[in-house]
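Participant: Protein chains in written order, with the numbering used here: chain X, 1 to 152; chain S, 1001 to 1192. Don't be surprised by glycine CBs; every beta carbon is placed ideally from N, CA and C. Keep in mind it's a predicted model, so treat the numbers as computed, not measured. This is the structure I want to talk about, given as structure tokens.
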């Protein structure tokens, strides 16, 4: 009957295990997390597409954000649709340099697989997207992806 | 009394870990990127242009979206929901209609001769088309091709397309190619 005798007093080690669990969760999130590299300066609400497929190599993709500036920046930049590359507003002319810089940062073997993700807001007009596409064709970054949310 | 300090050290380390955990929870972006992959055509050379125009008229379906997001597929206006079936009929040509694309027997590795459609979908949009409508149409086109691929893989391998191995998927992609050409925009509507 001594099996159940200690029950009431032995509550202290539980704190140790709970911290272990928290640590484990912490490591999990530290490993799976990837820091947002750039801050969004444009509002992007992605359109939905039921057939959207996963991007295979995330590290080989570069992003072009297209949308209207966020509310806090609208006083400065207006509410026209803008292109955001890395951390600043750019025009289609700058895409060439952007693509060149992204290519440069990749290893020789990976350059052929570079994908440019066009993250455009759903209310964007196609004119600006077409300009981007034409510019990408000109600097022969031909693999592109239209970012879209997966709809059920 | 001797127990107290030990208890506290446990407690604080758990708290610190918990704070860090909260930090990572907030900053993490878990969801992976999804979207529709496309390959843009390279800028054509001058001497290549003549060859491109030789594609037979019956092999092309023109899908046009205007500035009001209205859809025109093969010269008839329609809703986005009807587009998929139209494309499927266009690509399969079940009645061997002379107005629909021709099918040529092609040697497929490992399977022998199969009829492969020469149909090309030409997607044209206006500068005023909204991105949402454009993606919706792109999605329907991909869906039509995906369903045809599923049917083909069911007929050839008895499995759905996703369940096939990579080599088998490549074979099915040869039988049902995804030929979507994104033409340069035409300014039909008002410029915005």
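Using beta carbons (cut-off 9 Å, strictly below), is residue 114 of chain X in contact with chain A?
Facilitator: Of the protein chains in the structure, X and S, none is chain A.
Participant: Within 9 Å (strictly less), CB to CB, does residue 93 of chain X reach chain S?
Facilitator: Here residue 93 of chain X refers to the residue found at position 93 of the first chain. For residue 93 of chain X, the answer is no, since every Cβ of chain S falls outside 9 Å of its Cβ.
Participant: Give me, in chain order, the residues of the same chain whose beta-carbon lies closer than 7 Å to that of residue 1176 of chain S; leave out the 5 immediate sequence neighbours on both sides.
Facilitator: Position 176 of the second chain, counting from 1, holds the residue named residue 1176 of chain S. The residues are 1145, 1148, 1149, 1152.
Participant: Using the DSSP secondary-structure output, state which residues sit across from residue 48 of chain X in a beta bridge.
Facilitator: By 1-based counting over the first chain, the position of residue 48 of chain X is 48. Beta-bridge pairing links residue 48 of chain X to X:149.
Participant: Please confirm if residue 1188 of chain S has its CB atom under 9 Å from at least one CB of chain X.
Facilitator: Counted from its first residue, the second chain places residue 1188 of chain S at position 188. Confidence in residue 1188 of chain S is poor, its pLDDT being 48 and thus under 50, which makes the residue's placement unreliable; the coordinate value appears in the next sentence. Not closer than 9 Å to any Cβ of chain X, the Cβ of residue 1188 of chain S fails to qualify, so no.
Participant: Ordered along the chain, which non-local residues of its own chain (more than five positions away) have a Cβ less than 6 Å from that of residue 1182 of chain S?
Facilitator: The residue labelled residue 1182 of chain S in the question sits at position 182 within the second chain. 1123, listed in sequence order.
Participant: Establish whether the CB of residue 1146 of chain S and some CB of chain X are separated by less than 9 Å.
Facilitator: As a working mapping, residue 1146 of chain S is identified with position 146 in the second chain. So, interface residue.
Participant: So does the stretch 1063 to 1079 of chain S actually touch the stretch 1009 to 1024 of chain S, counting three or more Cβ pairs closer than 8 Å?
Facilitator: In short, these stretches do not touch, since the Cβ pair count stays below three.
Participant: State whether the stretch 1058 to 1074 of chain S contacts the stretch 1110 to 1130 of chain S, with contact taken as three or more CB pairs (one from each stretch) at a distance under 8 Å.
Facilitator: Judged by Cβ distances under 8 Å, the stretch 1058 to 1074 of chain S makes contact with the stretch 1110 to 1130 of chain S, as three or more pairs qualify.
Participant: Cutting at 8 Å between CB atoms, please list the residues of its own chain near residue 61 of chain X, excluding the five before and the five after it.
Facilitator: Here residue 61 of chain X refers to the residue found at position 61 when the first chain is read from its first residue. Within the same chain, residue 61 of chain X has close Cβ partners 55, 114, 115, 116, 117, 145.
Participant: For residue 62 of chain X, return the contacting residues in chain S, with the cut-off set at a CB-CB distance below 7 Å.
Facilitator: By one-based count along the first chain, residue 62 of chain X stands at place 62. Correct list: empty, because the minimum Cβ distance to chain S is about 12 Å.
Participant: So what's residue 1066 of chain S in DSSP terms, helix, strand or just coil?
Facilitator: Working through the second chain from its first residue, we reach residue 1066 of chain S at position 66. Coil, per DSSP.
Participant: Rounded to the nearest angstrom, what separates residue 1162 of chain S and residue 1174 of chain S at their Cα positions?
Facilitator: Along the second chain, one-based indexing puts residue 1162 of chain S at 162. Along the second chain, one-based indexing puts residue 1174 of chain S at 174. Answer to the nearest angstrom: the Cα atoms are 15 Å apart.
Participant: Any chance the stretch 67 to 81 of chain X sits against the stretch 123 to 139 of chain X, with 3 or more Cβ pairs inside 8 Å?
Facilitator: Touching, yes, given that three or more Cβ pairs across the two stretches are closer than 8 Å.
Participant: Which residues in the same chain as residue 43 of chain X place their Cβ atom closer than 7 Å to its Cβ, once the five residues preceding and following it in sequence are excluded?
Facilitator: As a position in the first chain, residue 43 of chain X is number 43, starting the count at 1. Counting only Cβ-Cβ distances below 7 Å, and skipping sequence neighbours, we find 67, 68, 70, 121.
Participant: Within 10 Å of its beta-carbon, does residue 22 of chain X have 16 or more other beta-carbons around it, so buried, or fewer, so exposed?
Facilitator: Here residue 22 of chain X refers to the residue found at position 22 when the first chain is read from its first residue. By the 10 Å Cβ count, residue 22 of chain X comes out buried.
Participant: How would you list, in chain order, the residues of chain X whose beta-carbon sits under 7 Å from the beta-carbon of residue 1142 of chain S?
Facilitator: Numbered from 1 along the second chain, position 142 holds the residue referred to as residue 1142 of chain S. Neighbours of residue 1142 of chain S on chain X, chain order: 51.
Participant: What's the gap between the Cα of residue 1081 of chain S and the Cα of residue 1071 of chain S?
Facilitator: The sequence position of residue 1081 of chain S within the second chain is 81, counting from 1. The sequence position of residue 1071 of chain S within the second chain is 71, counting from 1. So the alpha carbons of these two residues sit roughly 11 Å apart.
Participant: On the three-state DSSP scale, how would you describe residue 1171 of chain S?
Facilitator: Looking up residue 1171 of chain S in the second chain gives position 171. Residue 1171 of chain S: helix per DSSP, three-state reduction.
Participant: Taking 9 Å as the cut-off, decide whether the C-beta atoms of residue 943 of chain S and residue 1098 of chain S are in contact.
Facilitator: Outside the modelled stretch of chain S, which goes from 1001 to 1192, sits residue 943 of chain S, for which no answer is possible.
Participant: How would you call residue 129 of chain X, buried or exposed, if buried means at least 16 neighbouring beta carbons within 10 angstroms?
Facilitator: Working through the first chain from its first residue, we reach residue 129 of chain X at position 129. Result: buried.
Participant: Taking the alpha-carbon of residue 1056 of chain S as reference, which of S:1102, S:1092, S:1037 has the nearest alpha-carbon?
Facilitator: Sequence index remark: in the second chain, residue 1056 of chain S carries index 56 (1-based). Among S:1102, S:1092, S:1037, the Cα nearest to that of residue 1056 of chain S is on S:1102.
Participant: Quick one: what's got a C-beta closer than 7 Å to residue 1130 of chain S's C-beta in the same chain, skipping five residues either side?
Facilitator: Position 130 of the second chain, counting from 1, holds the residue named residue 1130 of chain S. 1069.
Participant: Name the two residues that bound the continuous alpha helix (DSSP H) containing residue 1155 of chain S.
Facilitator: Walking along the second chain from the start, residue 1155 of chain S turns up at place 155. Counting along the chain, the alpha helix (DSSP H) containing residue 1155 of chain S begins and ends at 1131 to 1157.
Participant: Alpha carbons only, please: which of S:1178, S:1111, S:1160, S:1106 is nearest the one belonging to residue 1141 of chain S?
Facilitator: The residue labelled residue 1141 of chain S in the question sits at position 141 within the second chain. Ranking the options by Cα distance to residue 1141 of chain S, first place goes to S:1178.
Participant: With residue 149 of chain X and residue 48 of chain X assumed to form a contact (beta carbons below 8 Å), what rounded beta-carbon distance in angstroms separates them?
Facilitator: Counting from one through the first chain, the residue named residue 149 of chain X turns up at place 149. Counting from one through the first chain, the residue named residue 48 of chain X turns up at place 48. So it is a contact: roughly 5 Å between Cβ atoms.
Participant: Helix, strand or coil, according to DSSP, for residue 136 of chain X in the structure here?
Facilitator: One-based indexing of the first chain puts residue 136 of chain X at position 136. Three-state result, residue 136 of chain X: helix.
Participant: So, residue 84 of chain X versus residue 41 of chain X, is the Cβ gap smaller than 9 Å?
Facilitator: Within the first chain, the letter at position 84 stands for residue 84 of chain X. Within the first chain, the letter at position 41 stands for residue 41 of chain X. For residue 84 of chain X and residue 41 of chain X, yes; Cβs fall inside 9 Å.
Participant: Provide the residue(s) that pair with residue 1039 of chain S in DSSP beta bridges, ordered along the chain.
Facilitator: To locate residue 1039 of chain S, count along the second chain from 1; it is residue 39. Its beta-bridge partners are X:143.
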